[in-house]
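What follows is a short report on a single structure.
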Amino acid sequence: MKTLIAYSTTLGCTEQCASRLKEDLGPGVDLFRISRRRKINLDLYKTVIIGGSIHEGLIQRSVRKFCETYIDKLLKIEVGLFICCVESGEDEKELLNRAFPDELLSHSLANGYFGGELNFKKMNLLQKIMSRKKARLEEIPEIDFDLILTFAEKLQQPIT
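Written out as structure tokens, the structure is:
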């Protein structure tokens with residue numbers, strides 16, 4: 224059975240993390256962009272990893288909807304959950320708790336926070352103004368590729 228990484232991205236950071244996770248997990252992994260509003264047959268997968276980015280404290284609506292739509296199937300298979308966020312100082316555990324349903328969080332094999340990055344090329348004018356103002360006050364956020372590898376390794380450990 225295969226693994227699915229279902230993700231939604233706003234400015235490309237989550238897509239980059241999902242692609243890196245796919246590399247770290249090895250063969251037999253499919254990527255599925257949730258925000259494209261296509262249906263998917265989860266019966267084809269042993270493991271489903273769901274990821275999205277946090278903006279203003281919330282994950283994308285498409286990720287929440289995906290979890291709600293497929294919750295019954297997700298609770299019967301192996302699940303991993305991750306978020307990307309540039310908000311430094313935020314409690315990562317709290318962000319995960321707000322992003323995903325409680326029953327899915329408690330069922331998941333691995334939960335991850337992969338950091339984030341600012342992609343000014345894909346931002347609209349208001350996003351650029353707000354991000355540059357904030358970036359002056361804080362250090363530039365980065366994706367933590369070591370955390371992605373650790374997440375992949377945790378998912379590949381045998382269940383005891």
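In the numbering used here, the protein residues as written are 224 to 383.
Just so you know, even glycine gets a beta-carbon here, dropped at the ideal spot from N, CA and C.
From a predicted model like this one, the values you see are computed outputs, not experimental measurements.
- Contact annotation, Tyr230 with Gly280: C-beta distance approximately 19 Å; criterion of less than 8 Å not satisfied.
- In the DSSP assignment, Glu238 falls within the alpha helix (DSSP H) that extends over 236–248.
- Residues of the same chain with a CB within less than 7 Å of the CB of Tyr268, apart from the 5 flanking positions on each side, are Met224, Lys225, Thr226, Leu227, Ile300 in chain order.
- Collapsing the DSSP output to three states places Lys299 in coil.
- Nearest to Leu372 by alpha-carbon distance, out of Leu248, Cys290, Phe323, Val252, is Leu248.
- Between Gly335 and Gln379, the alpha-carbon positions lie close to 14 Å from each other.
- As the crow flies, the alpha-carbon of Ile263 is around 32 Å from that of Asp314.
- Check the Cα spacing between Cys307 and each of Asp253, Ile257, Gln283: the tightest is with Gln283.
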